[in-house]
Amino acid sequence: MAVRNYETVFILTPVLNESQVQETVEKFSQVLKENSADIINTEAWGLKKLAYPIQKKNTGYYFLVEFTGEGNVVDMLELAFRRDERVIRFLTTVLDKHAVAYGARRRKGEMNQQKAKQSEAVAQ
1 MAVRNYETVF
11 ILTPVLNESQ
21 VQETVEKFSQ
31 VLKENSADII
41 NTEAWGLKKL
51 AYPIQKKNTG
61 YYFLVEFTGE
71 GNVVDMLELA
81 FRRDERVIRF
91 LTTVLDKHAV
101 AYGARRRKGE
111 MNQQKAKQSE
121 AVAQ
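Residue 52 in the working numbering sits at position 52 of the sequence shown, and the numbers go up by one each step.
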């Protein structure tokens, strides 16, 4: 199988404390590493309000993980998500070359610099 770029966003239940949240994220990172995936980036977006209640909860801890691997790694990761009751939602997508380039620019902070330049130009 070919190695592809993936991005997964998952939401954890808000009743967890910080150590439980970190333990859960480490568990999923370990699942990726055990299935020979390379983790490119992990971002914690924090506690955010959900668009609609899920399992009678209005907030959740959002996390983004970008990784490369073969197709079977996604199956193993999603199986781990389904088995863990702390995960209330998840979504994994395959990234094309444009999304990979965008992600690299976003990690370098180039996206915020462009917005700042645009707002400075408008202010003048």
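Ideal Cβ positions, reconstructed from N, Cα and C, are used throughout, including at glycine.
**Report entry** As assigned by DSSP and simplified to three states, the class of Asn72
**Finding:** The residue you call residue 72 lines up with position 72 of the sequence shown. Reduced to three states, the DSSP call for Asn72 is helix.
Query raised in the report: Going along the chain, which unbroken runs of the alpha helix (DSSP H) with 4 or more residues stay wholly within the segment 75-114?
Result: The segment 75-114 contains, as complete alpha helix (DSSP H) runs of 4+ residues, the segments 97-108 (chain order).
Query raised in the report: Going by the CB atoms, is the gap between Glu7 and Leu95 shorter than 7 Å?
Result: Position 95 of the sequence shown, counting from 1, holds the residue named residue 95. Position 7 of the sequence shown, counting from 1, holds the residue named residue 7. In contact: Leu95 and Glu7 (Cβ atoms closer than 7 Å).
Requested in this report: Give the range of the alpha helix (DSSP H) segment to which Val25 is assigned.
Outcome: Along the sequence shown, read from residue 1 onward, the residue named residue 25 stands at position 25. From DSSP, the alpha helix (DSSP H) with Val25 extends over 18-34.
Query raised in the report: What's the call for Thr24, buried or exposed, on a 16-neighbour Cβ count within 10 Å?
Result: Residue numbering aside, residue 24 sits at position 24 when the sequence shown is read from its first letter. In this structure Thr24 is buried. Its beta-carbon is surrounded by 16 or more other beta-carbon atoms within 10 angstroms.
Requested in this report: Drop a sphere of 10 angstroms on the beta-carbon of Tyr52, count the other beta-carbons inside from all chains shown, and report buried for 16 or more, exposed for fewer.
Outcome: On the sequence shown, residue 52 is found 52 positions in, with the first residue counted as 1. Exposed.
**Report entry** Cα-Cα separation, Pro14 to Asn58
**Finding:** For the purposes of this step, residue 14 is taken as residue 14 along the sequence shown, with counting starting at 1. For the purposes of this step, residue 58 is taken as residue 58 along the sequence shown, with counting starting at 1. Rounded to whole angstroms, the gap between the alpha carbons of Pro14 and Asn58 is 9 Å.
Query raised in the report: Of the residues Val21, Ala99, Leu77, which one's Cα is nearest the Cα of Trp45?
Result: Here residue 45 refers to the residue found at position 45 when the sequence shown is read from its first residue. Minimum Cα-Cα distance from Trp45 among the listed residues Val21, Ala99, Leu77 corresponds to Val21.
Query raised in the report: Should Val3 be labelled buried (16 or more other beta-carbon atoms within 10 Å of its own) or exposed?
Result: In the sequence shown, the residue the question calls residue 3 occupies position 3. Under this definition Val3 is an exposed residue.
**Report entry** Burial state of Glu66, where buried means 16 or more other Cβ atoms lie within 10 Å
**Finding:** Counting from one through the sequence shown, the residue named residue 66 turns up at place 66. Its Cβ being crowded by 16 or more others within 10 Å, Glu66 is buried.
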